[in-house]
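Residue numbers (my numbering), protein chains in the order written: chain P, 1 to 113; chain V, 1001 to 1113.
Read through the structure below, which is laid out as structure tokens, and then see the notes.
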Amino acid sequence: GENVEQHPSTLSVQEGDSAVIKCTYSDSASNYFPWYKQELGKGPQLIIDIRSNVGEKKDQRIAVTLNKTAKHFSLHITETQPEDSAVYFCAASTGTGGFKTIFGAGTRLFVKA
Amino acid sequence: DVKVTQSSRYLVKRTGEKVFLECVQDMDHENMFWYRQDPGLGLRLIYFSYDVKMKEKGDIPEGYSVSREKKERFSLILESASTNQTSMYLCATDDLLASGTQYFGPGTRLLVL
């Protein structure tokens, strides 16, 4: 079946360093790629997303890149802060309504002060 | 802001009990979802509903059923709880017109003894 692979499963960085999380998807019909952040005791929340007609998107310290040919997309967090510590999920969706959204397994990010 | 609430944050049940998990959203979204979250496996879709009284099986529906009698409420039912259903359960909603972004509740951590 279709799947999304996410790496690494755990990432530890020093405060101020950059963090990169990578995902690969299998369904070539996927055209929407959201990233969610899940803090302790909370549900996942959308932090940034990208659509298949765009190669890169940036929002302050967070950026996402998409390579449709290779079916890769990545999350980049610059100047990491302790409050960035959380579990991050990538996802790939084939369209509106989220009916077919497949999530990666998650990356636990630790930012050491 | 979309608000998705779940009836319980923590539940402890015994094997064989019938368990009800309730989810309520206040944004008039058509789509609602139930996921199960397990370490290393990410979020797996149990059931979703795109309208009142409509439901569709997700990837892991076995042992679960759902009910959607009102647009704002989506219930997950474990007919006879088993220990392998110990997990975090997340409810989510999705605005059909917002192209796949999902809004999650805080989750219910269920322990089946």
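In this text, a Cβ means the ideal position worked out from N, Cα and C, and glycines have one as well.
Thr107/P places its beta carbon less than 8 Å from that of Ser9/P. The beta carbon of Leu109/P sits closer than 7 Å to the beta carbons of Leu11, Ala19, Asp84, Ser85, Ala86, Tyr88 from its chain, once the five residues preceding and following it are set aside; these are given in chain order. In the structure shown, Glu15/P adopts coil according to DSSP, grouped into three states. Annotated as proximal: Ala105/P and Gly1042/V, with beta-carbon spacing under 8 Å. Exposure of Ser1082/V is indicated by the presence of fewer than 16 other C-beta atoms within 10 angstroms of its C-beta. At the C-beta level, Leu1113/V and Val1019/V stay beyond 8 Å of one another.
Lys1057/V: member of the beta strand (DSSP E) spanning 1054-1057, first to last residue. Looking at the backbone, the Cα of Met1054/V and that of Arg1068/V are separated by about 7 Å. Its chain contains Leu1111, Leu1113 as the residues whose beta carbon lies nearer than 7 Å to that of Val1012/V, once the 5 sequence neighbours on both sides are disregarded; these appear in chain order. The bridge partners DSSP lists for Tyr25/P are Val4/P.
Taking 8 Å as the upper bound for CB-CB distance, Gly1063/V and Pro34/P are not in contact here, some 28 Å apart. DSSP places Asp1026/V in the coil class of the three-state scheme, outside both helix and strand. Leu1011/V is outside the set of residues whose beta carbon lies under 8 Å from a beta carbon in chain P. Considered as a whole, the region 42-109 of chain P harbours 45-51, 56-59, 62-67, 72-77, 86-93, 101-103 as its complete beta strand (DSSP E) runs of no fewer than 3 residues, in chain order. Counting C-beta atoms within 10 angstroms of its own C-beta, Tyr1010/V has fewer than 16 neighbours from the protein chains shown and is therefore classed as exposed.
Beyond the five residues adjoining it in sequence on each side, Pro82/P comes within less than 7 Å, by CB distance, of Glu15, Val111, Ala113 in the same chain, given in chain order. Contact annotation for Leu46/P against chain V: Thr1101 [CB-CB distance below 7 Å, chain order]. Annotation: Ala1092/V to Arg1036/V spans about 11 Å, alpha carbon to alpha carbon. In this structure, Tyr1103/V sits away from Leu1021/V, with a CB-CB distance that is not shorter than 8 Å. Contacts with chain V (Cβ-Cβ distance below 7 Å) from the region 51-69 of chain P involve no residue at all.
Between Trp1034/V and Val1066/V, the C-beta spacing is below 8 Å. For Asn1084/V, the three-state secondary structure derived from DSSP is helix.
Boundaries of the beta strand (DSSP E) harbouring Asp1051/V: 1042-1051, taken from the DSSP string.
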